[in-house]
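What follows is one structure encoded as structure tokens, with my remarks underneath.
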DNA sequence: TCGCTTGTTGATGG
DNA sequence: GCCATCAACAAGCG
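Residue numbers (the numbering used here): 1 to 264.
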């Protein structure tokens, strides 16, 4: 279920279960899910290594050891499961990290979007993750403004572009635009300074509050678009106007035709 | 059977 | 070169 807040949850999960622990063995049940190494090479590289604190950048999770690191992307259907023993493994558990002393972290991924990579150092991880922009949780106002000023085109496509800023996906983009009262088909070059300010504030609020939710799934609050998005007969939580469904940036997009003004 | 899905990439066309 | 669109990847659900 991964956008930035979900992956932040996986980072905490991995930290809790694996940081400071040593790898007994890495079992790969689906060789194709490891994108840049064989299952044997992955096992050999990580076995007897001890995990450090994992890092997250956008939707990517970097699980470093005292040697190389396991780099994970969760696609649309990836998540972690902990097991005390090999019992109860699921057929979608595609990479399993068995720990010395017992227990295992399972990388479960139904559809095989995303995957696992082996990185020998930070530089290699940058190559794997492919030129990400600043993390959406960490980017500051000035940088956001500066990056936005260099872009053209549909605002939703820009928000979701991981090279612009890392972490925003389809749902959080809709939520951000709705909270900022900006139409998803507006072009960024048409946004006023005030629009840009509201966009930054909304993005920061949406990301921060989503991450603060300890629970699994993205929110939540009855005041958010996400609480009604996609439901039949959904109306705007602000003004009760029926929501509109369209396609923007190639993705299903929900917005309020009353609150979010037409594209300029 | 068809359409739909929280992601990303590469082809194609304007 | 930039941008928009769409198919593909893959698997499950209604």
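We treat Cβ as the ideally placed atom computed from N, Cα and C, and that holds for glycine.
DSSP beta-bridge partners of residue i
i           : result
residue 81  : 106
residue 98  : 25, 104
residue 242 : 235
residue 51  : 65
residue 248 : 251
residue 207 : Note: residue 207 sits in no beta bridge, so no partner.
residue 93  : 108
residue 167 : According to DSSP, residue 167 bridges with nothing at all.
residue 154 : 187
Under 8 Å between C-beta atoms of residue i and residue j
i           : j           : result
residue 56  : residue 11  : yes
residue 203 : residue 157 : no
residue 113 : residue 162 : no
residue 260 : residue 177 : yes
residue 152 : residue 187 : yes
residue 21  : residue 99  : yes
residue 184 : residue 234 : no
residue 174 : residue 229 : yes
residue 182 : residue 4   : no
residue 128 : residue 23  : no
residue 139 : residue 165 : yes
residue 79  : residue 44  : no
residue 241 : residue 227 : no
For residue i, the three-state DSSP class (helix, strand or coil)
i           : result
residue 56  : strand
residue 129 : helix
residue 255 : strand
residue 118 : strand
residue 17  : helix
residue 87  : coil
residue 139 : coil
residue 134 : coil
residue 213 : coil
residue 191 : coil
residue 5   : helix
residue 70  : strand
residue 218 : The pLDDT assigned to residue 218 is 48, lower than 50, so where the model puts this residue is not dependable; a value taken from the coordinates is nonetheless given after this. It is coil, neither helix nor strand.
residue 228 : coil
Beta-carbon contacts of residue i that lie in its chain and below 6 Å, excluding the five residues immediately before and after
i           : result
residue 246 : 253
residue 155 : 186, 188
residue 74  : 2, 114
residue 170 : 251
residue 103 : 84
Cβ-based neighbour list, residue i, same chain, cut-off 7 Å, excluding 5 preceding and 5 following
i          : result
residue 42 : 26, 28, 34, 118
Rounded distance between the beta-carbons of residue j and residue i, thought under 8 Å
i           : j           : result
residue 237 : residue 223 : 6 Å
residue 116 : residue 71  : 7 Å
residue 59  : residue 95  : At roughly 17 Å, the Cβ-Cβ gap does not stay under 8 Å, so residue 59 and residue 95 are not in contact.
residue 179 : residue 206 : 6 Å
residue 143 : residue 134 : 6 Å
8 Å Cβ shell around residue i - same chain, five flanking residues per side excluded
i          : result
residue 54 : 11, 14, 15, 18, 19, 61, 62, 63, 64
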